[in-house]
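As given, the protein sequences belong to chains A and B, one line each in that order.
Sequential numbering from 1 applies to the first sequence in our numbering.
Sequential numbering from 1 applies to the second sequence in our numbering.
Protein chains: 2
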Amino acid sequence: MNYFEKKKIKDILEDKIDNYKDVIVMGWVRTKRVSKNIAFIEINDGSTLKNLQLVILSPDEHPLAEINRGASIKVKGYLDKVEGREQDVEMKAEEIEIIGEAPEDFILQKKRHSFEFLREIAHLRARTNTFGVVNRFRSKMSYAVHEYFYNKDFKYIHTPIITSGDAEGAGEVFKVTTLDFDNLPLTDAGQIDYNQDFFAEETGLTVSGQLEAELLATALGDVYTFGPTFRAENSNTSRHASEFWMIEPEMAFCNLEEMMTLMEDFIKNLFKFAVEEAEEEMDFFNKWIDEGRRDMIKNIIESDFGRVTYTEAIEILENSDHDFEFPVKWGIDLQSEHERYLTEKHFQKPIMVYNYPKEIKAFYMRQNDDRKTVAAVDCLVPGVGEIIGGSQREERYEELKNRMEELNMDLEKYEWFLDIRKYGSVPHSGFGLGFERLLMYLSGMQNIRDVISFPRTPGSAKF
Amino acid sequence: MNYFEKKKIKDILEDKIDNYKDVIVMGWVRTKRVSKNIAFIEINDGSTLKNLQLVILSPDEHPLAEINRGASIKVKGYLDKVEGREQDVEMKAEEIEIIGEAPEDFILQKKRHSFEFLREIAHLRARTNTFGVVNRFRSKMSYAVHEYFYNKDFKYIHTPIITSGDAEGAGEVFKVTTLDFDNLPLTDAGQIDYNQDFFAEETGLTVSGQLEAELLATALGDVYTFGPTFRAENSNTSRHASEFWMIEPEMAFCNLEEMMTLMEDFIKNLFKFAVEEAEEEMDFFNKWIDEGRRDMIKNIIESDFGRVTYTEAIEILENSDHDFEFPVKWGIDLQSEHERYLTEKHFQKPIMVYNYPKEIKAFYMRQNDDRKTVAAVDCLVPGVGEIIGGSQREERYEELKNRMEELNMDLEKYEWFLDIRKYGSVPHSGFGLGFERLLMYLSGMQNIRDVISFPRTPGSAKF
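Listed below in structure tokens is the structure:
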């Protein structure tokens with residue numbers, strides 16, 4: 001038998017294969033019902049949520065007793081269309097071979113397991129309906145990202161994971177080293193001698209590919225990253241993971257306003273892809289995870305995103321009757337409750353809040369003429385608040401240097417970052433989207449641990 | 001001016017924009033020639049290798065004196081087709097504005113810089129012809145990978161970067177930690193207390209996503225990874241980097257032979273994509289990096305890959321008149337000189353060598369009935385030798401466990417890996433392709449440092 005002759009259940013159910021055709025199907029048993037003269041087995045091969053029903057007309061001739069839920073089998077037979085049923089193809093099985101047995105007490109029995117329990121067996125959970133769907137959805141949405149940018153002629157770049165930058169303000173960094181902890185080399189002054197480490201200096205895991213993306217945008221034009229990033233923060237919440245994937249486009253010759261237009265276009269396109277190209281998965285989420293999720297997504301696709309300055313947003317919040325836990329005044333970082341009030345109650349659609357106080361934003365953001373705010377933007381959506389953040393970058397050498405000095409940053413470490421402001425500097429802008437946050441938003445899944453196959457969180461790096 | 005009204009030089013030169021149309025173009029100056037009544041400037045915006053020629057009819061009216069090579073400018077004007085010239089569109093410039101100046105002694109002058117020198121200024125080298133091409137090529141080939149697998153309904157999976165596995169046999173591992181080196185916690189027995197580290201155990205950077213890919217393949221069917229992997233090996237060669245991107249497909253219900261068919265199909269499709277969809281880049285490589293490279297690639301696309309067992313390959317080598325540096329006998333790991341003799345001299349086409357001695361291959365490979373060899377395959381191509389390696393995996397619980405015990409591996413650490421052999425185990429196979437090796441092969445670039453934007457090698461993690 002040839003790999004290429006084997007048929008996937010997805011193709012069978014999508015009617016890509018003729019009726020009565022002889023086929024070979026392989027998959028894992030989901031259910032089995034045996035009576036005297038007929039037996040039914042449903043199998044799944046991971047290609048789709050749906051199972052293929054096998055009809056066995058001579059149960060005695062097959063090793064049905066040994067086939068438990070979870071076992072893998074190989075089946076020869078032919079397809080038979082059944083009119084008037086939702087899933088209108090079944091397979092008349094002629095030969096059944098057990099490939100891999102499963103014990104009668106296989107851990108994934110036919111019942112609802114809690115997501116908490118399934119996290120403990122992350123090596124098996126992709127065999128459940130929910131996590132099969134989540135994995136296929138993640139794959140499709142990854143492709144959506146690449147397709148969007150490829151068609152817009154953005155260059156996909158791979159920024160380094162191991163970095164010697166100190167990632168001012170972006171969060172705690174994991175150290176990367178090959179030093180022997182039992183025998184750490186010391187300098188004459190008694191300090192750890194990083195000269196003897198693998199890279200001859202202190203290195204860590206990247207918290208963002210943005211700075212490197214800026215270097216490449218100011219050579220290639222439009223670029224984007226899509227890769228893993230890291231935070232060594234000891235926060236055990238449902239929205240934080242220590243390792244997650246980020247999408248970071250960076251555009252040369254692009255100001256804040258132009259970037260906001262792109263941001264809106266990007267979100268709408270991804271959401272459209274989900275609704276149109278991941279129909280099965282969105283059906284599932286809408287039915288089992290969060291009813292109404294699809295309508296919410298469709299509403300966003302059809303909205304014109306609002307645009308409002310931070311200062312205006314603060315005024316709206318101050319003038320509202322709403323009782324906020326965190327008091328509102330100009331200068332604060334917007335809390336989730338503020339963001340959600342703005343997008344859900346006041347505007348009732350996605351909005352972009354821009355021109356934030358410079359004190360609460362990163363050093364590389366472009367200072368506005370008021371000297372108080374920077375050209376930063378957060379895109380807020382109903383149900384969650386901020387989903388994407390971005391900014392126009394400070395492209396003026398003197399302004400950037402001054403700001404870095406104000407913040408006592410080590411200019412030498414950033415020489416290359418300053419350099420590109422010296423040689424044909426250009427206005428440029430970019431934004432960052434946490435891929436898992438996107439998946440959670442589209443699916444309604446509530447815990448980031450359930451949209452990554454093997455999540456890394458404080459105290460947990462299993463599998 | 002709107003970002004979306006700005007025209008990319010690529011679109012202009014590909015005739016996507018009408019003649020005489022008013023356009024705005026922004027880019028970096030590559031050359032400038034000024035005479036009394038006319039001036040010419042060539043600019044590049046990173047969208048293509050080619051420059052756009054600007055014709056300035058009243059040189060006195062523009063700030064030409066201040067425009068040095070490397071400066072960024074914004075130009076308004078209209079397009080004008082010029083018959084009978086290779087590049088038949090030029091732009092009559094009406095307004096020129098300097099966006100970012102460059103000093104007269106800008107480091108990237110119009111001359112050939114050595115690749116060694118350009119590595120020192122990796123933050124600027126993407127502005128050269130060669131590295132612009134390399135970056136765009138890398139982006140296109142990345143897309144080729146995703147497109148190939150998406151169309152074949154493989155699921156793209158993100159396997160973890162931080163891992164607690166010990167990656168038996170795959171190479172040295174970088175440690176990942178948040179422990180304070182100046183104050184390492186110790187257990188009562190005086191050992192480093194990893195319980196107090198971030199993940200409560202020793203963790204490192206992944207050397208391969210394969211083991212996790214196996215978990216997901218045995219749930220989802222066909223999957224692939226495409227992400228960064230790491231080796232903490234102190235090898236300063238032109239072919240090794242400490243951080244590189246790997247492509248690792250893993251297929252359930254797939255044996256060695258079927259996998260070889262997929263491998264051949266995969267390589268041919270990627271190579272075809274390069275020749276057809278990255279024409280500009282392949283032209284450049286063929287002209288400036290390695291004449292004949294394109295023909296070599298085309299030959300491979302048209303070849304039927306040979307298949308030969310390791311044992312047969314050893315016989316061929318033993319019977320040849322060739323004088324090898326490393327002596328040939330059954331049991332040795334094939335050296336580059338052996339591989340190249342086989343593919344270049346003997347077969348004169350790509351070949352797959354399979355069924356290697358188990359002692360020189362990894363623990364997870366499926367043992368053949370001869371008990372001496374495993375179902376491993378290396379694909380060898382002219383000019384380099386091995387380009388892809390893969391294997392059918394040991395899916396039999398007892399066989400795998402015995403092999404791991406023979407090798408004194410810590411079974412407890414691999415409980416999850418053994419588990420999937422207990423519950424509906426299936427034959428499955430996969431291979432791994434180093435993405436940079438692929439790029440080097442297609443382009444003819446000789447140093448891995450020149451196909452990664454910001455390479456990480458021993459002693460070097462700058463940018």
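Ideal Cβ placement from N, Cα and C applies to all residues, glycine included.
By the neighbour-count criterion, in which a residue is buried when 16 or more other Cβ atoms sit within 10 angstroms of its Cβ, Ala213 of chain A is buried. Listed in chain order, the non-local C-beta contacts of Gly434 of chain B below 7 Å within the same chain comprise Phe244, Met246, local neighbours out to five positions each way being set aside.
Taking the C-beta atoms as reference points, Val173 of chain B is found no nearer than 8 Å to Leu211 of chain B.
Burial state of Phe117 of chain B is exposed, judged by a 10 Å Cβ sphere holding fewer than 16 other Cβ atoms.
Listed by position along chain A, the residues whose Cβ is nearer than 9 Å to that of Asn135 of chain B are Lys155, Ile157, Leu216, Ala219, Leu220, Val223. Counting along the chain, no beta strand (DSSP E) covers Arg119 of chain B; the unbroken alpha helix (DSSP H) around it starts and ends at 115 to 120.
Counting only runs of at least 4 residues, the segment 221 to 283 of chain A fully encloses the following alpha helix (DSSP H) elements, listed from N- to C-terminal order: 256 to 277.
Around Ser114 of chain A, the same chain offers no residue with a beta carbon nearer than 7 Å, after the five sequence neighbours per side are excluded. The straight-line gap separating the alpha-carbon atoms of Phe266 of chain B and Gly331 of chain B is approximately 29 Å. For Ala102 of chain A, the secondary structure class from DSSP, reduced to helix, strand or coil, is coil.
Unbroken beta strand (DSSP E) runs of no fewer than 3 residues, entirely contained in the segment 374 to 431 of chain A, are found at 385 to 392, following chain order.
Taking 8 Å as the cut-off, the beta carbon of Pro427 of chain A is found no closer than this to the beta carbon of Phe198 of chain B. Note: Pro357 of chain A is bridge-paired with A:Thr373 in the DSSP secondary-structure output. Contact annotation for Glu14 of chain B against chain A: no contact, minimum CB-CB distance about 11 Å [criterion: below 8 Å].
Check the Cα spacing between Pro59 of chain A and each of A:Ser47, A:Ile43, A:Lys36: the tightest is with A:Lys36.
Beta-carbon to beta-carbon, Lys349 of chain B and Ser303 of chain B are separated by about 4 Å, close enough to satisfy the 8 Å threshold.
With contacts defined by Cβ atoms closer than 8 Å, Tyr150 of chain A and Tyr143 of chain B form a contacting pair. For secondary structure counted as the beta strand (DSSP E) over 3 or more consecutive residues, the segment 288 to 323 of chain A holds these complete runs in sequence order: 306 to 309. The three-state secondary structure of Gln196 of chain B, taken from DSSP, is helix. Around the beta-carbon of Asp45 of chain B, 16 or more other beta-carbon atoms lie within 10 Å, marking it buried. Under a criterion of Cβ atoms nearer than 9 Å, the residues of chain B adjacent to Glu212 of chain A are, in order, His123, Ser453, Phe454, Phe463.
Below 8 Å, too few C-beta pairs join the segment 234 to 242 of chain A and the segment 270 to 281 of chain A to call them touching: fewer than three. Per DSSP, reduced to three states, the secondary structure at Phe435 of chain B is helical. Among the residues of the segment 365 to 395 of chain B, those with a Cβ less than 8 Å away from any Cβ of chain A are Glu395, in the order of the chain. In the three-state reduction of the DSSP assignment, Arg449 of chain B falls in the helix class, which pools H, G and I.
Checking the DSSP bridge columns, you'll see Asn44 of chain B partnered with B:Trp28. Only buried fits Phe454 of chain A, as 16 or more other CB atoms lie within 10 angstroms of its CB. A contact between stretches requires three or more CB pairs, one per stretch, nearer than 8 Å, and the segment 374 to 384 of chain B fails this requirement with the segment 406 to 418 of chain B.
Of the residues assessed, Leu57 of chain A falls on the exposed side of the cut-off, its CB having fewer than 16 other CB atoms within 10 angstroms. Per the Cβ contact rule, the segment 171 to 191 of chain B is not in contact with the segment 283 to 294 of chain B (fewer than 3 Cβ pairs under 8 Å). A buried status is given to Leu108 of chain B, since no fewer than 16 other beta-carbon atoms sit within 10 Å of its beta-carbon.
Interface criterion met: the Cβ of Leu205 of chain B is under 8 Å from a Cβ in chain A. If the five residues before and after Tyr397 of chain B are omitted, its C-beta is found closer than 8 Å to the C-beta atoms of Leu418, Arg421, Lys422, Ser425, all from its own chain and listed in chain order. For Met26 of chain B against Ile99 of chain B, the beta-carbon gap comes to about 7 Å, under 8 Å, which counts as contact. Out of A:Thr187, A:Ile448, A:Ile161, A:Arg231, the CA that lies nearest to the CA of Ile452 of chain B is found in A:Ile161. Excluding the 5 residues flanking it on each side, Leu184 of chain B has same chain C-beta neighbours closer than 7 Å at Ile192, in chain order.
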